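Its first residue numbered 546, the sequence shown is counted upward by one per residue in my numbering.
So the structure is just underneath, and the comments pick up after that.
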Amino acid sequence: YRHDPADPHSLSGDTISQVFEDRSGTLWLVSPGSGVNRYDRTHGRFIRYRHNPADPHSLSSDDVNLILEDRAGTLWFATTDSGLNRFSRAQDHFTRYRHDPVDVNTLSSDAINHLIEDDAGRLWIATGDGVSILDQERQRFWRLRHDSANPNSLSDDQVTCIFQDSFGIFWIGTEAGGVNQLILPSPSGNPGSAGAAFDPEKFQFTCFKNDPNRVLQFQTNHISAVFEDKFTGLWVGTAWRNLYLFNRASGDFLLVNPELPGAYHRGNVERFANLPDRLVRNWLQITLNLNEITTVYEDRAGVLWVGTTGSGINKYSPTRKTFSGAFIDIPKCQAIFQDRDGILWIGTPEGLYRYDQKTRQTSLFGPETYVRHRPLNDPETTMDRIVTTIYEDRRGRLWIGTEWMIYVLTKSGEKLTLVKRLLLGQHMKLIYEDRMGTIWIGTSKGLNEYDPRSGILQHHQSDVQNPNTLSNSDINAIFENASGRIWIATAGGLTRYDRAGGTFTRFLTGQGLAGGIRNNNIVAITETFPAAPPGDPAGKGTLWLATLEGLLKFDPETETITNFTEDDGLCNNAVVSMMQDSRGNLWLGTLDGLSRFSPQSGIFKNYHHADGLQDYVFNFGASFNNRNGEMYFGSINGVTLFHPDSIRDDPRIPSIVLTSFKILNREMALDTAIAYKKRLDFSQQDKVFTIGFAALHFSDIRNNQFAYKLEGFDDDWIYSGNRREATYTNLDPGEYIFRVKGSDNAGVWNERGAAITIVVTPPWWKTGWAYALYLLLAAGLLYGSWQFQLNRERMRQQRKLEQVEAEKLREVDRLKSRFFANVSHEFRTPLTLMIGPVEQMLSGKFKGNIKEQYRMILRNGRRLLKLINQLLDISRLES
546 YRHDPADPHS LSGDTISQVF EDRSGTLWLV SPGSGVNRYD RTHGRFIRYR
596 HNPADPHSLS SDDVNLILED RAGTLWFATT DSGLNRFSRA QDHFTRYRHD
646 PVDVNTLSSD AINHLIEDDA GRLWIATGDG VSILDQERQR FWRLRHDSAN
696 PNSLSDDQVT CIFQDSFGIF WIGTEAGGVN QLILPSPSGN PGSAGAAFDP
746 EKFQFTCFKN DPNRVLQFQT NHISAVFEDK FTGLWVGTAW RNLYLFNRAS
796 GDFLLVNPEL PGAYHRGNVE RFANLPDRLV RNWLQITLNL NEITTVYEDR
846 AGVLWVGTTG SGINKYSPTR KTFSGAFIDI PKCQAIFQDR DGILWIGTPE
896 GLYRYDQKTR QTSLFGPETY VRHRPLNDPE TTMDRIVTTI YEDRRGRLWI
946 GTEWMIYVLT KSGEKLTLVK RLLLGQHMKL IYEDRMGTIW IGTSKGLNEY
996 DPRSGILQHH QSDVQNPNTL SNSDINAIFE NASGRIWIAT AGGLTRYDRA
1046 GGTFTRFLTG QGLAGGIRNN NIVAITETFP AAPPGDPAGK GTLWLATLEG
1096 LLKFDPETET ITNFTEDDGL CNNAVVSMMQ DSRGNLWLGT LDGLSRFSPQ
1146 SGIFKNYHHA DGLQDYVFNF GASFNNRNGE MYFGSINGVT LFHPDSIRDD
1196 PRIPSIVLTS FKILNREMAL DTAIAYKKRL DFSQQDKVFT IGFAALHFSD
1246 IRNNQFAYKL EGFDDDWIYS GNRREATYTN LDPGEYIFRV KGSDNAGVWN
1296 ERGAAITIVV TPPWWKTGWA YALYLLLAAG LLYGSWQFQL NRERMRQQRK
1346 LEQVEAEKLR EVDRLKSRFF ANVSHEFRTP LTLMIGPVEQ MLSGKFKGNI
1396 KEQYRMILRN GRRLLKLINQ LLDISRLES
């Protein structure tokens, strides 16, 4: 991998000084002067982290020289000139720790040379101005400096390295003051760090430095590295290309002679690595980019990363050679068979090869001057050169099929003798002998049934008008199952042969199939027994069919099928050969790799060229399984042979992490990286969302397999093969739990996987408060309607009452009018009777009895007075 100015996802620089894999499986590469690179192994790209003056949460400097992960999983990035950086995975940003001249609770210097974590979780930082100790719990620094007035202080402020050995003793190397030993006092006063009282002001150092009076001491005071091996031996490297071993008993340092046999020495000693057998070997035989190697790192998957000066980083996977190179270099293998003597016979377009696995000698049968289509009566005719199928019958005779003819040969050492020829005029594709001794010959134009005892040859073909014939005349494979039934794989479906009636029954012709079929060009057949061993008639076997578009599980009784394709983990849909091992696993040769399939678990394990396969493009039908369980798969470049029990896969369980979150296929910026989030909330309006995931095992990510489930929505696990995303649409509001599990390239599954709670919130008009508002509005409407009806009824009653009152008033008015009319008459009559006599008296015309007139006037006056009194009484009653 190199830096590419045009590619933002390439390395930030071509010089790599450190490679580091954190506990989550993330790989970090330090490029001095160009920041840090995080390797996205899922997509094969680099994410750059660099200093940005406008961003206070970026790296404090691009001159990073060291990465450390503490026991809490926090990453620390030291720089050569700008202090220390703490990385937050959740926020994907940095917190800076810088030197402040006026604050003693800061770094003693921004120039950091080394960094370690002690057994108490404190960080010890070697700087250009002493040692700084960071107490993460208290978030405070202590400083250790050289004090010329104190002989027990640090010998020099230019600190180059720090190391804590297995006894808890600190060793601090300096540039000009040798190495300092620091033993922390314990509460009991005994040396050691376990439970030690931590008081930097009371630290006392013992200095080991160059002393002309001592022979067993350093030749230079510039210490560059300190290391302890697994035998507790303490090693110190100096800038003068010297290596010293510390004698703990005497306190002396022994110079290791670089001229000793087996010793390794080149340049200054800067770093150490623990070799289990203390031997250095030149074993890395790979082609590297040019320039000086700066670092070599092996990650958890066994992948080696080799950093260089100016030539980027090299990746090498030495442990992934699952197939140990067992390969027969005979190109264009079209047929393969091992006879009872262990001799391998290989058919190719160039002729028939005999291969002795013991001597590894190869013989080719067929003269080089042979013309392919000579007439049969030509005495020079031997065999067609193009061998397409090979079989050994129960009598030990070899049956060789070519493009147009069958040859039956006997063997005697390396000599072959022709005993019979069958001219069929068809392209021979397979030869098979059943339990009854019948020889079946499949061709491109039908099926031939040959009885060796009688010499009778019967030819069977497909007849569209007759359903009791072959499904198709192009025969690919023949298989006799445990119950003795003959199954024939054709280019147009599956056929079962009935020996008694001599009839054929068709299956998988492409019509009326439960479950659907992608392709009915069947190239191989086998049978597995989950409940009963092969040969047990009581056991019900399952037929497995290899096709050009995947693997089929077939139940003949119900005619139901189950498809297995690349989406389920198959390395390639074009399956061209199939073998079954002793454990019931199916081995599938494809046009892009070899797959091992477990019918019990439904899990594929895929192998490619990087696993040691000499070739990954296999040929049709070119496979064989011998009596010892060894398998042979022919390809365009030769034969790959192996025993399934010898295939040892990496048992390490991969970590499963969530990697991305998209809405409507657009990456969402989260406040916390999704790998560290416990919950995701989004609206139902975000109808389509996608979650990405990965297995942190990267030796071959094409073979990583995944299964996911959304609890509350999915009933079962969804096996997605090597697809690393799950998409859901139109979820109802509610709380769900998304779970994902995965496997590495060896099929080792992490069943625990990763999980995250997903809360789908409804739109505002479907929220609780919205429904409460709707309820209030409905109640308000009901109340308003009720009040409206009530007021309406009141108004109606009011109008009715007013009408009654008006009618009453009118009646009163009528009564009053009648009353006043009557009263008027009552007043008028007496008044008339009174006024008439009075007028006569006044005019002197009165002629009657005057007293009688007075009595009449008095009587009418009293009558009027009575009426007036009655009116006054009525008036008082109304008031």
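Every residue gets a Cβ at the ideal spot worked out from N, C-alpha and C, and that includes glycine.
All values derive from a computational prediction rather than experimental measurement.
Burial state of residue i, where buried means 16 or more other Cβ atoms lie within 10 Å
{"i": "Met981", "result": "exposed"}
{"i": "Lys1286", "result": "buried"}
{"i": "Asn813", "result": "Below a pLDDT of 50, predicted positions are generally treated as unreliable, and Asn813, at 47, falls in that range; no measurement from the model is reported."}
{"i": "Ser1340", "result": "According to the sequence provided, residue 1340 is Met. The question's Ser does not apply to it. By the neighbour-count rule (16 or more Cβ atoms within 10 Å), Met1340 is not buried but exposed."}
{"i": "Asn658", "result": "buried"}
{"i": "Pro1375", "result": "buried"}
{"i": "Thr621", "result": "It is Trp, not Thr, that sits at residue 621 in the sequence shown. Burial call: buried."}
{"i": "Asn819", "result": "Its pLDDT being 47, under 50, Asn819 is placed unreliably by the model, and the measurement read from it follows with that caveat. Exposed, because fewer than 16 other Cβ atoms sit within 10 Å of the Cβ of Asn819."}
{"i": "Asn1108", "result": "buried"}
{"i": "Thr1274", "result": "exposed"}
{"i": "Asp552", "result": "exposed"}
{"i": "Phe748", "result": "buried"}
Selection from the options that minimises the alpha carbon distance to residue i
{"i": "Leu1053", "options": "Phe1074, Ala1091, Lys1085, Asp600", "result": "Ala1091"}
{"i": "Gly494", "options": "Gln1230, Lys754, Ser1122", "result": "Beyond the ends of the chain as shown, which are 546 and 1424, falls residue 494; an answer cannot be given."}
{"i": "Ile881", "options": "Ser1205, Glu937, Gly1393", "result": "Glu937"}
{"i": "Thr893", "options": "Phe1372, Ile935, Thr854", "result": "Ile935"}
{"i": "Trp573", "options": "Lys1392, Ala551, Phe632", "result": "Phe632"}
{"i": "Phe772", "options": "Val724, Tyr1273, Arg1211, Ile984", "result": "Val724"}
{"i": "Ser856", "options": "Ala1317, Tyr546, Gln971", "result": "Tyr546"}
{"i": "Asp702", "options": "Lys747, Asp664, His767, Arg641", "result": "His767"}
{"i": "Phe1311", "options": "Ser1228, Asn1367, Ile1301", "result": "Per the sequence shown, the amino acid found at residue 1311 is Lys instead of Phe. Nearest of Ser1228, Asn1367, Ile1301 to Lys1311, Cα basis: Ser1228."}
{"i": "Ser605", "options": "Asp615, His644, Arg583, Thr571", "result": "His644"}
{"i": "Asn1164", "options": "Ala1069, Asp1261, Thr624, Asn787", "result": "Ala1069"}
{"i": "Leu1131", "options": "Pro1189, Gln1385, Ala617", "result": "Pro1189"}
Nearest-angstrom beta carbon gap, residue j and residue i [assumed within contact, 8 angstroms]
{"i": "Leu727", "j": "Phe712", "result": "About 12 angstroms; that fails the 8 angstroms criterion."}
{"i": "Asp1451", "j": "Glu566", "result": "Outside the displayed span of the chain (546 to 1424) sits residue 1451, for which this structure offers no information."}
{"i": "Val575", "j": "Val609", "result": "5 angstroms"}
{"i": "Thr672", "j": "Val704", "result": "6 angstroms"}
{"i": "Asn1151", "j": "Ser1143", "result": "That belief does not hold up - the Cβ atoms of Asn1151 and Ser1143 are roughly 13 angstroms apart, past 8 angstroms."}
{"i": "Glu1072", "j": "Leu1097", "result": "Contact flag wrong, Cβ pair sits at about 13 angstroms."}
{"i": "Ile561", "j": "Thr840", "result": "6 angstroms"}
{"i": "Pro745", "j": "Trp687", "result": "4 angstroms"}
{"i": "Pro1199", "j": "Asn1295", "result": "6 angstroms"}
{"i": "Met1176", "j": "Asn1182", "result": "That belief does not hold up - the Cβ atoms of Met1176 and Asn1182 are roughly 17 angstroms apart, past 8 angstroms."}
{"i": "Phe1149", "j": "Gly1114", "result": "4 angstroms"}
{"i": "Gly991", "j": "Gln1006", "result": "4 angstroms"}
{"i": "Ile1033", "j": "Ile1020", "result": "6 angstroms"}
Extent of the continuous beta strand (DSSP E) to which residue i belongs
{"i": "Val1383", "result": "From DSSP, Val1383 is part of no beta strand (DSSP E) but of the alpha helix (DSSP H) over 1313-1388."}
{"i": "Leu572", "result": "572-575"}
{"i": "Leu854", "result": "This sequence places Thr at residue 854; Leu is not what is there. Careful: Thr854 lies outside any beta strand (DSSP E) and carries neither H nor E."}
{"i": "Thr1204", "result": "1201-1208"}
{"i": "Asn1108", "result": "1105-1109"}
{"i": "Met1123", "result": "1120-1125"}
{"i": "Lys1286", "result": "1279-1288"}
{"i": "Asp680", "result": "675-680"}
{"i": "Gln709", "result": "704-709"}
{"i": "Val781", "result": "779-783"}
{"i": "Asn630", "result": "629-633"}
{"i": "Met1176", "result": "1176-1180"}
For residue i, the residue or residues it bridges with in DSSP
{"i": "Pro757", "result": "Note: Pro757 sits in no beta bridge, so no partner."}
{"i": "Met950", "result": "Leu968"}
{"i": "Glu994", "result": "Trp985, Gln1003"}
{"i": "Asn582", "result": "Leu574, Arg593"}
{"i": "Ser606", "result": "In the DSSP output, where bridge partners are listed per residue, Ser606 has none listed."}
{"i": "Phe882", "result": "Trp890"}
{"i": "Asp901", "result": "Ile888, Gln906"}
{"i": "Val724", "result": "Gly718, Phe753"}
{"i": "Asn1021", "result": "Its beta-bridge partners do not exist; DSSP assigns none."}
{"i": "Glu1270", "result": "Gly1237"}
{"i": "Leu975", "result": "Gly987"}
8 angstroms Cβ cutoff, residue i in contact with chain C
{"i": "Thr619", "result": "Of the protein chains in the structure, only one exists, and it is not chain C."}
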